[in-house]
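Numbering (full-length UniProt numbering), first residue to last: 1 to 931.
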């Protein structure tokens with residue numbers, strides 16, 4: 001817990017008054033005779049304040065203050081006694097020998113002690129005692145949990161909650177008392193000023209009250225909330241017990257028979273029910289009926305929690321959304337702003353996946369556009385943008401424009417992202433939406449807001465061809481007065497890519513050259529590159545000459561980066577091969593693969609004497625790079641609950657990102673420290689068992705220069721069985737004398753249960769000839785000792801039996817193991833490698849029923865990158881598939897041209913031509929298809 005302190009309070013009297021040294025010196029007031037209760041309360045308040053704002057006391061200082069504070073235990077002032085408990089509770093984590101005050105605290109825990117002190121004593125005791133002493137105070141806690149006074153009962157329940165991680169076995173025995181606290185029909189207690197209120201909420205403001213004070217009799221059900229939390233903590237590992245608890249406390253279909261009277265306790269029970277629905281589909285129908293019953297509860301809090309739980313279920317059916325949406329719709333017209341905000345936010349999240357279901361609330365949402373709470377209005381308009389139709393677009397945009405200046409940048413980003421999604425949904429409305437975006441682009445705003453608008457325009461240029469000219473014009477106007485360097489650079493890059501393709505490319509030159517004259521060095525350098533792209537890519541010779549003149553002026557720039565770029569582009573203008581390589585280049589390095597290569601290079605001590613070999617880093621097309629770098633829309637993250645977000649499934653990691661994760665795993669195994677850099681890892685683990693079997697095994701192959709490591713990921717799905725000494729025995733399918741691999745060692749799993757699955761087993765082989773590509777298959781057997789788990793103790797039995805489980809074969813092949821997909825410009829690369837080693841073979845693929853099936857099969861077998869859209873045949877009879885890849889271990893580039901013809905009955909006839917930097921790679925590709 002921490003409180004922010006204001007700067008103006010840190011000077012003058014305040015800095016002296018709350019100074020740690022001053023407080024330690026003033027602690028002598030604890031020893032005064034007689035004790036001044038007022039001074040001691042003030043000093044204790046300052047101590048607690050310092051601890052709350054993050055101040056730390058040294059061990060000796062804390063110990064001195066702690067034991068000085070304990071001298072006040074005998075004081076009759078109730079406010080001071082409560083302050084003492086609060087102070088020792090906070091100091092106990094730092095001070096030494098705190099356990100010595102246990103007996104003093106336990107005196108105030110006795111049943112005959114004054115009610116005002118017992119809750120404070122209970123909470124303080126948990127911070128003081130050693131976990132091994134928990135059993136000794138069990139009797140006191142059990143009595144306190146079932147105490148009729150709610151402040152005492154709640155203090156005991158919350159303290160048990162905090163004690164649970166250290167003394168699970170002891171706290172689990174209090175389940176009957178916690179159950180009794182949940183089922184209590186009513187809880188009457190004392191909530192007097194400085195009395196029971198202090199015991200429950202803290203210490204009072206210093207009002208002294210005699211032990212026989214007059215108290216206010218009150219009724220409270222807060223104890224049920226704390227008791228339910230403790231019950232769930234005790235039973236959370238037992239799904240059946242939690243399900244039974246929910247059914248018992250739920251009160252049936254209508255929820256009317258529930259014993260829970262506290263709304264917060266009911267909300268907690270609803271969350272437990274939602275979690276059970278996700279874990280156990282068998283009880284889904286019963287639980288949803290219970291949730292629907294709570295939609296009619298008299299508490300708004302419970303109504304909302306039940307509605308939110310239903311709409312956030314992963315596999316909720318549209319028919320199940322009718323009732324919760326009706327409840328949320330009622331909240332939209334509530335006079336309470338918090339209910340309107342909660343309902344609008346929930347509906348905004350639901351509209352991502354079920355816009356048609358939310359459309360029923362559009363009339364009520366439109367009424368909220370003018371709501372004085374702009375947060376509510378923002379969520380309302382965002383939801384309307386997701387659920388509205390094409391006819392309502394213009395009207396909605398007019399309404400949005402009115403209050404854009406009244407909301408924060410965070411909500412502006414939500415609105416802009418909603419506009420972006422709507423534009424992609426209704427592309428014919430791009431003109432009005434672009435006008436809106438250009439208008440807000442001229443408004444005041446921070447970087448995140450302006451970036452969101454620019455990104456929206458970028459998407460419109462990418463996906464709506466008709467909007468390109470208008471959007472580029474708006475972006476050109478924006479960079480005339482853009483204060484953000486990053487955005488200027490991105491827009492200049494886009495102008496360089498899209499501008500030369502436009503009908504009138506010359507009209508953009510003025511805007512770009514203005515940046516060379518007026519902006520900082522970073523923007524000037526980007527503008528030079530953008531001009532060069534116009535000069536190389538534009539078909540007009542006159543434009544190229546004009547660009548040359550402008551670039552010559554840049555040779556006198558004060559910044560060396562700008563001068564160097566201008567000189568480079570002027571040099572390559574008349575050399576087409578260089579221009580194609582440095583300006584028209586359509587491929588880039590895969591950043592994830594390049595990062596993995598750099599990390600391995602830095603960590604490998606033997607690589608220090610050699611330069612980094614980037615030829616082995618795969619390339620990807622610019623389209624793939626843009627897809628990898630695509631940012632998630634704020635609509636997918638903002639306004640969606642954190643616990644169970646209603647958002648699209650996350651994108652699967654790329655092959656390079658997967659390999660980077662494998663590198664980190666292998667680096668943690670000391671046996672592989674001398675193996676050097678991993679040349680390649682399998683992009684997708686091979687399934688060696690059926691998905692329904694009790695043992696599930698997948699295999700990943702790691703290729704090193706002189707070794708091959710097989711990584712077996714093993715899962716045990718049997719909760720009542722533990723596997724020990726788990727290993728995988730690999731036997732080559734060919735004769736042992738002929739195999740190109742020799743087994744080194746196996747790193748087995750000592751123990752594998754359902755809770756620690758999956759585990760990893762490594763099997764290492766040495767490549768007898770590192771210059772050749774070792775191919776072959778291995779028969780695999782999972783061996784282990786199976787032991788039953790004792791249900792009473794949860795420990796495996798001493799006696800077990802040896803067993804084995806047959807797995808599918810593991811195969812080392814060309815595709816996926818020795819060849820990595822890599823993008824290239826096929827025509828120029830094929831011509832460049834005319835003199836390189838090559839090989840051509842003809843194959844008959846009689847089993848293929850179409851050219852598309854043949855393309856898919858060849859791409860899968862060779863694991864190479866299809867180029868130019870050739871993976872999709874345009875003809876049903878003749879097709880040419882173009883593939884590119886990199887061979888591991890310095891094998892270099894490899895290209896494959898697959899000419900295919902198809903005839904009904906004969907299948908596909910394939911002419912495979914391969915060009916590579918090494919003959920061994922050509923043989924590898926031919927053997928992969930021929931095998």
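Backbone N, C-alpha and C fix where the C-beta goes; we use that ideal spot for every residue, glycine too.
When DSSP reads this structure, residue 915 sits in a beta bridge with 838 and 895.
Contiguous alpha helix (DSSP H) elements confined to the stretch 360-445 occur at 362-367, 374-387, 393-403, 409-425 and 430-441, taking only those with 4 or more residues.
Apart from sequence neighbours up to five positions away, the residues of its chain that approach residue 865 with a beta-carbon distance below 7 Å are 821, 822, 823, 883, 884 and 885, ordered along the chain. Minimum Cα-Cα distance from residue 894 among the listed residues 880, 901, 919 and 681 corresponds to 919.
In this structure, DSSP gives residue 686 an extended state, which the three-state scheme calls strand. In the DSSP assignment, residue 728 falls within the unbroken beta strand (DSSP E) covering 721-732. Bridge partners of residue 786 according to DSSP: 723 and 801. Beta-bridge annotation (DSSP): residue 751 is paired with 724. Annotated as proximal: residue 730 and residue 779, with beta-carbon spacing under 9 Å.
Using a Cβ distance threshold of 9 Å, residue 143 and residue 182 do not count as a contacting pair. The alpha carbon of residue 915 has as its nearest neighbour, out of 852, 909 and 833, the alpha carbon of 833. At a Cβ-Cβ threshold of 9 Å, residue 711 and residue 785 do not count as neighbours. Excluding its 5 nearest sequence neighbours in each direction, residue 376 has C-beta neighbours in its own chain below 8 Å: 337, 340, 341, 344 and 368, listed in chain order. Bounds of the alpha helix (DSSP H) holding residue 48 are 37-52. Put simply, the backbone Cα of residue 769 is about 15 Å away from that of residue 744. Looking at 111, 510 and 523, the one whose alpha-carbon comes closest to that of residue 485 is 523.
Proximity to residue 330 across 304, 901 and 315 peaks at 304, based on C-alpha coordinates.
As computed with DSSP, residue 764 is found in a beta bridge with 709 and 745. Apart from the 5 residues on each side of it in sequence, residue 795 sits with its Cβ closer than 8 Å to the Cβ of 789 in its chain, given in chain order. Between residue 291 and residue 274, the gap from beta carbon to beta carbon is short of 9 Å. Sequence-distant partners of residue 508 (beyond 5 residues in either direction) whose C-beta falls short of 8 Å from its own C-beta, in its chain, are 472, 476, 495, 499, 502 and 534. In this structure, DSSP gives residue 846 a state outside helix and strand, which the three-state scheme calls coil.
The C-alpha of residue 662 is placed about 38 Å away from the C-alpha of residue 309. Checking the DSSP bridge columns, you'll see residue 776 partnered with 812. Straight through space, the alpha carbons of residue 162 and residue 155 are spaced by roughly 11 Å.
By alpha-carbon distance to residue 841, the top candidate from 913, 576 and 380 is 913. Taking C-alpha positions only, residue 152 is separated from residue 145 by approximately 7 Å. For residue 247, the enclosing alpha helix (DSSP H) has its first and last residue at 239-250. Per DSSP, residue 826 has no beta bridge partner at all. Each residue's CA atom was taken as its position, placing residue 84 and residue 127 some 14 Å apart. Annotation: residue 830 to residue 855 spans about 19 Å, alpha carbon to alpha carbon. Taking the Cα of residue 313 as reference, the smallest distance to any Cα among 302, 295, 334 and 277 is reached at 277. In the three-state reduction of the DSSP assignment, residue 465 falls in the helix class, which pools H, G and I. Residue 50 and residue 76 do not touch by the CB rule: their CB atoms are close to 27 Å apart, not below 8 Å. At a Cβ-Cβ threshold of 9 Å, residue 876 and residue 850 count as neighbours.
Assignment of alpha helix (DSSP H) within the stretch 266-352, counting only whole runs of 4 or more residues, yields 284-294, 300-311, 322-332 and 337-350 in chain order.
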